[in-house]
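In this note's numbering, the protein residues as written are 1 to 164. Single-structure report; data block below.
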């Protein structure tokens with residue numbers, strides 16, 4: 001259930017929790033947000049400084065994510081340098097505020113200049129999609145944000161509210 005390196009939930013736990021949280025959101029007519037983030041500049045750390053340095057960045061990322069999230073939120077390492085963050089009972093506006101806090105907390109020496117691109121997908125309290133569509137939408141938004149890093153380095157966020 002836990003990623004050995006970061007201490008966050010692993011991908012297996014992510015899918016279990018995501019299905020459960022979607023079911024709860026539908027049942028109680030609540031909003032739900034999924035944030036999908038990918039580290040920018042991480043590959044260069046691994047290539048130039050080695051995987052041990054890369055691991056230290058992943059460990060720092062896990063700590064920053066845990067420090068930034070609310071109790072009841074579900075931080076997961078999806079794989080490699082990708083993270084999926086489940087925010088139950090949250091809106092796009094609250095997810096945006098969370099993303100800004102996360103950006104602020106990322107500006108520390110432990111991150112070695114690494115930043116992130118984030119895709120945010122929200123649904124509810126009235127309309128819902130299944131977990132595959134929610135994940136696909138968050139991933140698509142992350143790639144839209146990541147495309148902006150080709151022109152200029154930095155933090156980028158793209159979001160969408162889903163309807164069936």
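Every residue gets a Cβ at the ideal spot worked out from N, C-alpha and C, and that includes glycine.
Boundaries (first-last residue) of the beta strand (DSSP E) holding residue 80 | First-last for residue 80: undefined, no H or E at that position.
Does DSSP classify residue 142 as helix, strand or coil?
-> helix
Going by other Cβ atoms of all chains shown within 10 Å of its Cβ, with 16 needed for buried, is residue 158 buried or exposed?
-> buried
Which residue or residues does DSSP assign as beta-bridge partners of residue 88?
-> 32
Looking at residue 140 and residue 156, is the spacing between their C-beta atoms short of 8 Å?
-> no
For residue 134 and residue 62, believed in contact at Cβ under 8 Å, the rounded distance = With 8 Å as the limit, residue 62 and residue 134 do not qualify as a contact, their Cβ atoms being about 23 Å apart.
Top-ranked residue by Cα proximity to residue 115, from 99, 122, 126 and 124 = 99
When DSSP labels each residue in this structure, what does residue 54 get in the three-state scheme?
-> helix
What is the rounded straight-line gap between the Cα of residue 107 and the Cα of residue 160?
-> 26 Å
If you draw a straight line from the C-alpha of residue 52 to the C-alpha of residue 25, how long is it?
-> 40 Å
If you draw a straight line from the alpha carbon of residue 73 to that of residue 88, how long is it in whole angstroms?
-> 6 Å
What is the DSSP secondary structure of residue 62, reduced to helix, strand or coil?
-> helix
Express the C-alpha separation of residue 49 and residue 110 in angstroms, rounding to a whole number.
-> 14 Å
Could you tell me which of 36, 70 and 83 sits nearest to residue 59, measuring between CA atoms?
-> 83
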